[in-house]
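These protein sequences, in sequence, are chains A and B.
Reading the first sequence from the start, the letters are residues 50 to 193 in our numbering.
Reading the second sequence from the start, the letters are residues 1149 to 1222 in our numbering.
Built from N, CA and C at the ideal position, the CB exists for glycine as well.
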Amino acid sequence: MGGIFYVKNLQSQLVISEMNNAKLNEGIEMQKELLIQKENDFKAITEANNNLLLSNRQLEEDNQRLDQKFNKINASGKQRDIGNLAVQKPKSIEMILNKQQVERARCFEIAQGSPLTELEKNATKKSQINSECTSQANPNYVGY
Amino acid sequence: MKEIIDILEKHFGTDTPITPESHMIDDLNGDDFDVVDVVCQIEEALGITIPEEETMGLGTVQELITVVSAHVES
Chain A
50 MGGIFYVKNL QSQLVISEMN NAKLNEGIEM QKELLIQKEN DFKAITEANN
100 NLLLSNRQLE EDNQRLDQKF NKINASGKQR DIGNLAVQKP KSIEMILNKQ
150 QVERARCFEI AQGSPLTELE KNATKKSQIN SECTSQANPN YVGY
Chain B
1149 MKEIIDILEK HFGTDTPITP ESHMIDDLNG DDFDVVDVVC QIEEALGITI
1199 PEEETMGLGT VQELITVVSA HVES
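Written as structure tokens, this is what we have:
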């Protein structure tokens, strides 16, 4: 008689164990899914971070380029005073800045897939190039 | 002429010989701002004023000399 109770008890404990086991497996599966999600999030964050670093590098390059353009130092060591030039020759400076704006707009067009013109392709002199994105706009230009 | 070449040499350096045929952007590695800068320096040195319309698009040293000379002589 005692043996039967013992077996019944064992059976009920086994059922409880199986239920617990199923719950644990369910928990493990959820943890696995969470882990995968975390890995995906980490990849996305790393990619976004890399993109930010790239953008930052490009901005720094642009900044250096602008700095060199507006604060260029001549052979005598004198720094260009763009403000003074703009006061003395406003029309000329305006014309130069407008030209640069047109060149920048053209850079965007090229970046969006616009084909290069013959003039752009054949530009080999500094006075012929698009100074805003020379490597993209003037593949045949070899700089100093 | 000599004064103009002196100013150009001080501005662009003497690594590349400056001749009347030299192009300020292509040969002397300048840019559009350099051309304006050089014109201002010449105006100051010679005590002259050149209308902006005459200096826009200047390329070679000879073109610069021609424009400046017209105002020095007049």
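Residue i - containing alpha helix (DSSP H), residue span
| i | result |
| --- | --- |
| A:Thr95 | 51-119 |
| B:Lys1150 | 1150-1160 |
| A:Asn133 | 131-137 |
| B:Leu1194 | 1180-1194 |
Chain-order list of residues whose beta-carbon lies under 6 Å from that of residue i (same chain, five-residue window excluded)
| i | result |
| --- | --- |
| A:Ile178 | Ala172, Asn187, Tyr190 |
| B:Met1204 | none |
| B:Thr1167 | none |
| A:Glu181 | Glu152, Arg153, Cys156 |
| A:Asp90 | none |
Own chain, CB closer than 8 Å to residue i, minus 5 neighbours either side, in chain order
| i | result |
| --- | --- |
| B:Glu1151 | Ile1190, Ala1193, Leu1194 |
| A:Pro164 | none |
Any C-beta of chain B under 9 Å from that of residue i
| i | result |
| --- | --- |
| A:Asn112 | no |
| A:Arg153 | no |
| A:Pro139 | yes |
| A:Lys121 | yes |
| A:Ser184 | no |
| A:Lys92 | no |
Test: residue i CB closer than 9 Å to a CB of chain A
| i | result |
| --- | --- |
| B:Lys1158 | yes |
| B:His1171 | yes |
| B:Thr1162 | yes |
| B:Val1207 | Per the sequence shown, residue 1207 of chain B should be read as Gly rather than Val. Output row for B:Gly1207: interface = yes. |
| B:Glu1211 | no |
| B:Glu1200 | yes |
| B:Thr1203 | yes |
| B:Val1184 | yes |
Which of helix, strand or coil DSSP assigns to residue i
| i | result |
| --- | --- |
| A:Ile122 | strand |
| B:Thr1203 | helix |
| B:Thr1208 | strand |
Below-9 Å beta-carbon distance, residue i vs any chain C residue
| i | result |
| --- | --- |
| B:Val1187 | The question asks about chain C, but that chain is absent: this structure's protein chains are A and B. |
Within the region 159-193 of chain A, ranges of the alpha helix (DSSP H) (whole runs, at least 4 residues): 167-171, 183-186
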